[in-house]
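A short worksheet on the structure shown next.
Protein chains: 2
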Amino acid sequence: MKPESRKQEIINAASILFTEKGYSAVTMRDLAKAMGIKAASLYNHIQSKQEILSTIIIDLAEEFTTGMNQIINSDVGSIQKLENIISLHVDVTLRNADGLGSLNSDWMHLEEENLIYFEKMRHDYEENFRNIVKKGVEKGEIKPYNIEIMVFSTLSTLRTLYLWYPNQKNIDSDILKRDMISVLLKGVV
Amino acid sequence: MKPESRKQEIINAASILFTEKGYSAVTMRDLAKAMGIKAASLYNHIQSKQEILSTIIIDLAEEFTTGMNQIINSDVGSIQKLENIISLHVDVTLRNADGLGSLNSDWMHLEEENLIYFEKMRHDYEENFRNIVKKGVEKGEIKPYNIEIMVFSTLSTLRTLYLWYPNQKNIDSDILKRDMISVLLKGVV
DNA sequence: GATTCAAACTAACAATCGTTAGTTTTGTTT
DNA sequence: AAACAAAACTAACGATTGTTAGTTTGAATC
C-alpha cells in the first residue's frame, strides 16, 4: 500500500459523494462525516470545496487530452484510432470511475478560469474525435452514415461507462475493451 | 396558442434551469427571477420545490413506461421493436428536451415515495429492453455480442440525446430517427 | 522529558436556503 | 362602482451553507 496523502483521501471520498448526489447537494459536513472528522478539519488539507471539484475534473480532463493527443499523432488507421479511444475510456473508467461523475455532471460548477480551460479541452477532444471519423469516412474505412450522430453516439456510450461498469461483477479489462469495440464499431465499419 | 397554466410555466422554466445547473444548485430565487417575480409568489402556484422536480421526472418516466408497454405488447419482430424504442426516445426528446436533464441527473433527489416509484419504472424499462435484445439474439435476428453491453450502449445514447439534439439546427424528426437507427442498429443486426 | 508539527477539535460568522404569513395589486365579473 | 379571485408583493422565520479563528490532541524526534 502506498501511503495516500490525507488530501487525496478527501478527494477520493468527495468523488464518491459527488457522483452519488452531485456537487451542490454534498455539504462539507457530509464529506467530513464520510471521513470520520469534523467539517472544519477538512480545511487543514484543502483550500475550498471548489478546489476539490476542480482537482477531480481537471486532472481527469487532462488525462483524456493527453491520451487523445497520443492517438491522433500515432501513425495508424482510422479504425485503430477509434479502438484506441475506446481503450482509453475503459482504462480511465476502471482507474477512476468515481471521479467521472463530476466530470460529466458537475463541470458547470467550475469557476471562471477552470471552466474555460475545461470547456476548451472538451471542445478540442470532440473536434479530434470528429476529424478521425471524417477521415475514416473519406478513406472508405467507415460507412458514410451521419457523422455527427456517429460521434455523439459513440461518445455518449464511452462517457457514461462509469455508470454501468460498477454494476458488472469483475469484468476483465481486455474482454470489456474487445466487446465494446464489437458493439460500437462493427456496425459502422 | 393554448393558454398554459401559470404552474406549467413555472415547471417549464424550472426544467430549463435544472438541466443547466442541476436541481440542488437552482434556488427558488433563481427560478423566481427567471419568471420575473419574487420567490414567495411561486408558492401561489406550487406546493414546494420538490413538487416541481417530481412532476418533471414522474411525468416523463410514465411517458417512457407507457411507450415501452405498447412496444412490448405489439406483434412485431425484435428489430422493429428496437426501432420503435429509438423512435420513442426521439419523440420524447423533441417534445421535452429540457425535462430530460432532471430525469437523467436529478432523480436521486426525489423523496421516498416517488424515488421508489421512479426506480421501479426505470428497472422495468431496462428489463424490458434487455428481454427484447435477448429474444432477438435467440431468434438469430441480432448478433450474439455481449447483451449487457448492447443494452447499455444503446440506452446510453438514447438517454443523452437531449444533450446533443439542441445543438443540431432544425434536424427533421424522421431523418433523425432514420439515422439513429442506422448507427445504433446496423452494427449489431 | 521537552519540542515539534500535522491533524484533529470547538465555536462561531455572515450569507443563503426553502418556506410561511399577511397584505396589496390587478383585472374581470356582477 | 362594488365584489371577487388570481397573482403579485413585503417581511421575516429557522435551518443550513462554506468557511474562519483559535485551541487541543497525539505521535514522532530530539
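Chains as they are written, first to last, in full-length UniProt numbering: chain D, 1 to 189; chain W, 1 to 189. The C-beta atom is built at its ideal place from N, Cα and C for all residues, glycine as well.
Report the neighbours of residue 100 of chain D on chain W: residues whose CB is nearer than 7 Å to its CB, in chain order. Here the premise fails: no neighbours, minimum Cβ distance about 13 Å.
For a minimum of 4 consecutive residues, which ranges assigned as the alpha helix (DSSP H) are wholly contained in the stretch 97 to 128 of chain W? 97 to 105
Compile a chain-ordered list of the residues in the stretch 138 to 153 of chain W whose CB is closer than 8 Å to at least one CB of chain D. 143, 145, 146, 148, 149, 150, 152 and 153
Report the neighbours of residue 179 of chain D on chain W: residues whose CB is nearer than 8 Å to its CB, in chain order. 145, 146 and 149
Grab me the residues of residue 103 of chain D's own chain with a C-beta within less than 8 Å of its C-beta, minus the 5 sequence neighbours each way, in chain order. 56, 57, 60 and 61
8 Å is my cut-off, CB to CB: does residue 1 of chain W come that close to chain D? For residue 1 of chain W, the predicted structure reports a pLDDT of 35, less than 50, and the residue's modelled location is therefore unreliable. A value from the coordinates is still provided. Closer than 8 Å: no.
When D:158, D:33 and D:179 are compared against residue 97 of chain D, the one with the closest alpha-carbon: D:158
Got a sec? Which residues, its chain only, sit under 7 Å from residue 32 of chain W by beta carbon, not counting five neighbours each side? 38, 39, 41 and 42
Please confirm if residue 120 of chain W has its CB atom under 8 Å from at least one CB of chain D. no
Can you check which of these residues, W:129, W:162, W:81 and W:74, is closest to residue 95 of chain W by C-alpha distance? W:162
Helix, strand or coil for residue 89 of chain W? Go by DSSP, reduced to three states. helix
According to DSSP, is residue 2 of chain D part of a helix, a strand, or is it coil? Only weak support exists for where residue 2 of chain D lies, its pLDDT of 42 falling under 50; the value from the coordinates is given anyway. Coil.
Could you tell me the boundaries of the alpha helix (DSSP H) in which residue 42 of chain W lies? 39 to 42
Straight-line Cα distance separating residue 23 of chain D from residue 17 of chain D: 8 Å
At a Cβ threshold of 8 Å, is residue 39 of chain D touching chain W? no
Span separating the alpha-carbon of residue 30 of chain D from that of residue 122 of chain W: 28 Å
Is residue 151 of chain W closer than 8 Å to residue 142 of chain W when the C-beta atoms are compared? no
Along chain D, in chain order, which residues have C-beta atoms closer than 7 Å to that of residue 184 of chain W? 153
In chain D, what lies closer than 7 Å to residue 13 of chain W by C-beta? The premise fails here: residue 13 of chain W is roughly 18 Å from chain D at the closest Cβ pair, so nothing lies under 7 Å.
Let me know if residue 48 of chain W comes out buried or exposed under the rule of 16 or more other beta-carbons within 10 Å of its beta-carbon. exposed
Any beta carbon of chain W sitting closer than 8 Å to that of residue 48 of chain D? no
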